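For any residue, its number in the working numbering is found by taking its place in the sequence shown, counting from 1, and adding 1370. Ideal Cβ positions, reconstructed from N, Cα and C, are used throughout, including at glycine. Everything numeric in this text was worked out from a predicted model, so none of it was measured. Data first, discussion second: the structure below is written as structure tokens.
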Amino acid sequence: DPQVDIALVRSWIRSVAAAVDAHKDQLTEYDSAIGDADHGANLHRGFSAVLDALAAQEPATVGDVLVKTGSTLVSKVGGAAGPLYGSAFRAAGKKLTEPTADTREFGEALAAGLESVRRLGGAAPGDKTMVDAYAPALEAFQRVAAEGGGLAVAARAAADAAEEGVRATVPLQARKGRASYLGERSVGHQDPGATSTALVFGALAEAAEA
Ligand code: ADP
Ligand code: MG
Ligand code: MG
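Structure below.
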């Protein structure tokens, strides 16, 4: 039965914006170690604009909310992560063309989001990017959904798997994005984009459990 509706996804995105706000400095700290110290600011600017855009929107479908989120991120956030997150939310939204969706359909939308990140960024698991949080999160979500689990359980499993994926980025050497310029010096640091992806899935679990 449908567990995802417009109110739920709006609450998800608001919760992402709150998490980005709360973790802005932490994200920037991680990005200062292996990047250019702007990841927190980039996402904060993006999700602030998303909040404004959603407040002005009267969505007819679940997808409308996510497509608006993605388009806003693409237009407001430079760097690598903005276009990657933007394309993920847009691709996910394009799958959700009704006012509600069930958990399995929502999982398919999340899968389209990851596909879009991988197509645009060319990163595979193990390259020390947001894919290292997104891929295990998606796998966990779909496993629970396939077993007939509800949205809150699937989203919590996804959030936990994302957290584990984030920790697993620490010993990796970056092979994509700005951190890859550091070569071996990227080893020993947590990837900022994977960290923010875990926030996105944590926010989904929070919204679904509310
Ligand atoms: P920039 O590196 O342009 O300053 P951000 O700091 O906002 O952009 O984002 C950096 C994060 O983007 C990295 O930590 C990584 O997770 C992610 N990233 C960078 N390049 C790629 C890529 N090709 N595919 C997937 N994720 C990427
Ligand atoms: Mg950066
Ligand atoms: Mg930058």
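- request: Could you please go through the chain and list the residues whose beta-carbon is closer than 6 angstroms to any non-hydrogen atom of ligand 3?
  value: The answer, residue by residue, is 1406, 1408, 1449.
message: Please classify residue 1456 as buried or exposed, where buried requires at least 16 neighbouring CB atoms within 10 angstroms.
response: Classification of residue 1456: buried, given that the 10 Å Cβ count is 16 or more.
query: For the alpha helix (DSSP H) that contains residue 1429, what are its first and last residues?
result: Unbroken run through residue 1429: none, as it is neither H nor E.
query: Terminal residues of the continuous alpha helix (DSSP H) containing residue 1530?
result: Counting along the chain, residue 1530 sits inside the alpha helix (DSSP H) bounded by residues 1521-1538.
query: Are the Cβ atoms of residue 1514 and residue 1527 separated by less than 7 angstroms?
result: Going by beta carbons, residue 1514 and residue 1527 fall inside the 7 angstroms limit.
message: Measuring CB atoms only, is the stretch 1401-1411 touching the stretch 1454-1470, in the sense that at least three cross pairs come out at less than 8 angstroms?
response: By the Cβ rule, the stretch 1401-1411 does not count as touching the stretch 1454-1470, because fewer than three pairs are nearer than 8 angstroms.
query: For residue 1447, which three-state DSSP category applies?
result: In the three-state scheme derived from DSSP, where H, G and I count as helix and E and B as strand, residue 1447 is classed as coil.
query: Quick one: what's residue 1470 bridged to in DSSP?
result: Secondary-structure assignment with DSSP links residue 1470 through a beta bridge to 1375.
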